[in-house]
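Reading through the structure tokens given below for one structure.
Numbering (this note's numbering), first residue to last: 41 to 362.
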């Protein structure tokens with residue numbers, strides 16, 4: 041079984057700086073766990089590791105697909121485990137770093153448990169299209185075309201189950217029946233010691249978010265998005281074009297808002313995203329929660345944060361219980 045470390049948490053929480061320190065201290069190579077850093081050319085808006093940072097520590101799964109391509113959670117799982125195996129074979133320790141909770145979940149758990157959470161908006165959108173028995177039959181036929189095994193055990197009148205099976209396939213790229221079968225295959229392929237960064241006072245995180253967005257704009261986020269947009273790489277409704285920072289700048293490019301309005305929208309969207317990430321990672325019962333501030337909201341000293349993180353990594357890698 042592969043043994044790896046992970047540093048997760050909300051955007052702008054300090055994952056990059058901590059991960060570089062951990063990687064250099066424990067002989068790690070970093071595997072990005074970010075659903076947007078996979079895209080080529082989307083550098084500033086995704087807070088991708090800089091060339092200097094990547095020269096300090098080898099990074100994997102960054103810049104691997106075009107913004108026009110689709111990339112599923114199942115694709116990430118396969119690529120991430122392959123990268124982890126290669127890192128271990130070279131005598132190094134895999135270190136997963138990122139804030140995409142679904143991605144790290146697919147790695148930490150058997151593939152059978154990597155089904156995405158149900159999306160109410162997806163379900164309601166499909167349900168709104170079902171008005172007749174003919175519509176139900178058409179929906180069932182759609183499921184049968186991608187997952188016949190599931191379709192054979194789900195009656196076409198059980199619309200909610202049909203929709204859920206379709207949702208799993210469309211979000212993971214793997215039929216529900218295959219994921220169900222894997223439930224019998226045993227434990228995960230990897231053991232991950234996860235540190236998740238957290239804040240007692242959420243305002244501390246929000247201030248970091250605002251500061252990061254300001255820095256991104258100064259670094260040239262508008263020009264980056266404009267270049268990708270003009271090259272037809274941020275196509276309407278594509279995953280890449282919906283990324284926070286890119287969607288808002290595209291609106292400015294189209295004249296739907298000013299650049300300053302776009303910047304404020306990016307800050308708001310990022311804060312909301314960070315809040316959702318906090319909620320997600322607080323449900324990770326296996327993770328070690330590392331607070332970046334004290335209970336009174338004051339910021340912790342960097343040496344204390346590093347000391348706590350090092351202690352966890354050392355004990356996990358030496359098979360001790362933290």
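Idealized CB from N, CA, C, for every residue including glycine.
None of these values were measured; they are calculated from a predicted model.
Taking 8 Å as the threshold, find out whether the segment 239 to 257 comes into contact with the segment 300 to 317 through three or more Cβ pairs.
yes
Looking only at C-alpha atoms, which of 317, 320, 174, 249 sits nearest to residue 87?
Counted from its first residue, the chain shown places residue 87 at position 47. If we check each option's Cα against that of residue 87, 249 comes out closest.
Going by the beta-carbon positions, is the gap between residue 213 and residue 112 smaller than 8 Å?
Looking up residue 213 in the chain shown gives position 173. Looking up residue 112 in the chain shown gives position 72. The answer is yes: Cβ separation under 8 Å.
Have a look at residue 61 and residue 195 and give me their C-alpha separation to the nearest angstrom.
Translated into positions along the chain shown, residue 61 becomes position 21. Translated into positions along the chain shown, residue 195 becomes position 155. So the alpha carbons of these two residues sit roughly 54 Å apart.
Closest by C-alpha distance to residue 44, when choosing among 297, 142, 143, 231:
In the chain shown, counting from the first residue as 1, residue 44 sits at position 4. With distances taken between Cα atoms, residue 44 lies closest to 231.
Determine the DSSP secondary structure at residue 239, reduced to helix, strand or coil.
Reading the chain shown from its first residue, position 199 is the one you call residue 239. Here residue 239 sits in coil by DSSP.
Starting from residue 230, follow its DSSP beta bridges and name the residues at the other end.
By one-based count along the chain shown, residue 230 stands at place 190. DSSP, once it has assigned bridges, lists 42 as partnering residue 230.
If contacts are defined as beta-carbon pairs under 8 Å, then residue 216 and residue 209 qualify, I think. What distance do you get, rounded to the angstrom?
As a working mapping, residue 216 is identified with position 176 in the chain shown. As a working mapping, residue 209 is identified with position 169 in the chain shown. Yes, residue 216 and residue 209 are in contact; Cβ-Cβ is about 7 Å, under 8 Å.
Residue range of the alpha helix (DSSP H) that includes residue 101:
Numbered from its first residue, the chain shown carries residue 101 at position 61. Run containing residue 101: none; DSSP gives neither H nor E here.
Am I right that residue 68 and residue 133 are in contact with their C-beta atoms under 8 Å? What's the rounded C-beta distance?
Residue 68 sits at position 28 when you count from the first residue of the chain shown. Residue 133 sits at position 93 when you count from the first residue of the chain shown. Residue 68 to residue 133, Cβ: 4 Å. Contact.
On the DSSP bridge assignment, give the partners of residue 333 in chain order.
Mapped onto the chain shown, residue 333 falls at position 293. Per DSSP, 339.
Give the secondary structure of residue 224 by DSSP, where H, G and I count as helix, E and B as strand, and everything else as coil.
Mapped onto the chain shown, residue 224 falls at position 184. Confidence in residue 224 is poor, its pLDDT being 46 and thus under 50, which makes the residue's placement unreliable; the coordinate value appears in the next sentence. Coil.
Cα separation between residue 359 and residue 211?
On the chain shown, residue 359 is found 319 positions in, with the first residue counted as 1. On the chain shown, residue 211 is found 171 positions in, with the first residue counted as 1. If I take the Cα positions, the gap works out to 35 Å.
What's the C-alpha gap between residue 300 and residue 329?
Here residue 300 refers to the residue found at position 260 when the chain shown is read from its first residue. Here residue 329 refers to the residue found at position 289 when the chain shown is read from its first residue. Cα to Cα, the separation comes out at about 36 Å.
Cβ neighbours of residue 297 in the same chain (closer than 6 Å, five flanking residues each side left out):
Taking the chain shown and counting its residues from 1, the one referred to as residue 297 is at position 257. Counting only Cβ-Cβ distances below 6 Å, and skipping sequence neighbours, we find 291.
Taking Cβ to Cβ, would you say residue 244 is nearer than 8 Å to residue 339?
Here residue 244 refers to the residue found at position 204 of the chain shown. Here residue 339 refers to the residue found at position 299 of the chain shown. In contact: residue 244 and residue 339 (Cβ atoms closer than 8 Å).
For residue 141, which residues from the same chain have a beta carbon less than 8 Å from its beta carbon, with the 5 sequence-adjacent residues on both sides left out?
As a first step, residue 141 must be located in the chain shown, where it is residue number 101. Within the same chain, residue 141 has close Cβ partners 48, 317, 320, 321, 324.
Measure how close the beta-carbons of residue 85 and residue 246 come, nearest whole angstrom, since I'm counting them as under 8 Å.
As a first step, residue 85 must be located in the chain shown, where it is residue number 45. As a first step, residue 246 must be located in the chain shown, where it is residue number 206. Not really, about 18 Å apart at Cβ, beyond 8 Å.
List the DSSP bridge partners of residue 262.
The sequence position of residue 262 within the chain shown is 222, counting from 1. Residue 262 pairs with nothing; no bridge assigned.
Exposure label - residue 144; buried when at least 16 CB within 10 Å
Within the chain shown, residue 144 is the residue found at index 104, counting from 1. Buried, by the Cβ-count rule.
If you scan the segment 83 to 142 from start to end, which runs of the beta strand (DSSP E) of 3 or more residues do you find wholly inside it?
133 to 138
Less than 7 Å between C-beta atoms, sequence neighbours within five positions excluded: which residues of the same chain meet that for residue 75?
Counting from one through the chain shown, the residue named residue 75 turns up at place 35. Result list for residue 75: 140, 143, in chain order.
Would you kindly work out how many angstroms separate the C-alpha atoms of residue 83 and residue 70, rounded to a whole number?
In the chain shown, the residue the question calls residue 83 occupies position 43. In the chain shown, the residue the question calls residue 70 occupies position 30. So the two alpha carbons sit approximately 17 Å from each other.
If I follow the unbroken alpha helix (DSSP H) through residue 203, where does it start and stop?
Residue numbering aside, residue 203 sits at position 163 when the chain shown is read from its first letter. Here the alpha helix (DSSP H) through residue 203 covers 199 to 212.
Can you name, in chain order, every residue of its own chain whose Cβ lies under 7 Å from the Cβ of residue 59, other than the five neighbours on each side?
The residue labelled residue 59 in the question sits at position 19 within the chain shown. Only 47, 70, 135, 137 meet the Cβ criterion.
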